[in-house]
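Structure, as structure tokens:
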Amino acid sequence: VDDPARSNFIVPAVLRRGDLVVTVSTSGTAPALAARLRDFIGEILGDEYAEVLDRLRVAREELKSRYPDFEERREAWYRLLDTEILPALRRSERLRLNTDTQRSADESGKKVAMAPQPERAKR
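Structure below.
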């Protein structure tokens with residue numbers, strides 16, 4: 162900022178993992194703290210989240226077609242995330258999305274194919 166006394170905007174600290182974007186702001190009170198918090202969050206949210214989001218992009222279209230009802234689709238998303246994906250990420254395991262998510266996406270038999278996607282550049 163050229164003239165901090167006359168500035169009226171604040172830029173948050175930004176963490177990017179592919180399509181995942183997390184911002185941290187202290188409303189201008191302590192920008193260094195925002196940067197440190199971003200770095201701390203970055204240690205928790207590794208590059209594997211970018212890969213997962215690439216694969217979930219494919220699943221999204223399939224979930225939309227299999228679950229036209231919003232509530233059913235939301236429940237399927239939470240089952241998909243809670244039963245396999247997020248626990249595996251917490252354990253730092255490489256995901257086998259093609260098999261794991263097909264099994265957990267829907268207990269009633271609807272399956273979601275999660276084909277690997279080409280690697281995307283980091284943003």
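Numbering (the numbering used here), first residue to last: 162 to 284. Beta carbons are placed, not taken as given, at the ideal position from N, Cα and C, and that holds for glycine.
Annotation: SER226 to ARG178 spans about 27 Å, alpha carbon to alpha carbon.
A residue is called buried once 16 or more other Cβ atoms fall within 10 Å of its Cβ, and VAL213 is buried on that count. With fewer than 16 neighbouring CB atoms inside 10 Å of its own CB, GLU236 falls in the exposed class. Apart from the 5 residues on each side of it in sequence, TRP238 sits with its Cβ closer than 8 Å to the Cβ of LEU224 in its chain, given in chain order. A Cβ-Cβ contact shorter than 7 Å links LEU194 with THR187.
Only residues of its own chain outside the window of five on either side were considered, and among them ARG178 have a CB closer than 7 Å to the CB of ASP208, listed in chain order. Contact between ALA174 and THR184 holds: CB atoms are separated by about 7 Å, below the 8 Å threshold. As summarised for the stretch 180-205, the continuous alpha helix (DSSP H) elements at least 4 residues long and confined to that stretch are 192-205, given in chain order. Residue burial is scored here from C-beta neighbours: ALA166 has fewer than 16 other C-beta atoms within 10 angstroms and is therefore classed as exposed.
Listed in chain order, the non-local C-beta contacts of LEU206 below 8 Å within the same chain comprise LEU176, ARG178, LEU181, VAL183, local neighbours out to five positions each way being set aside.
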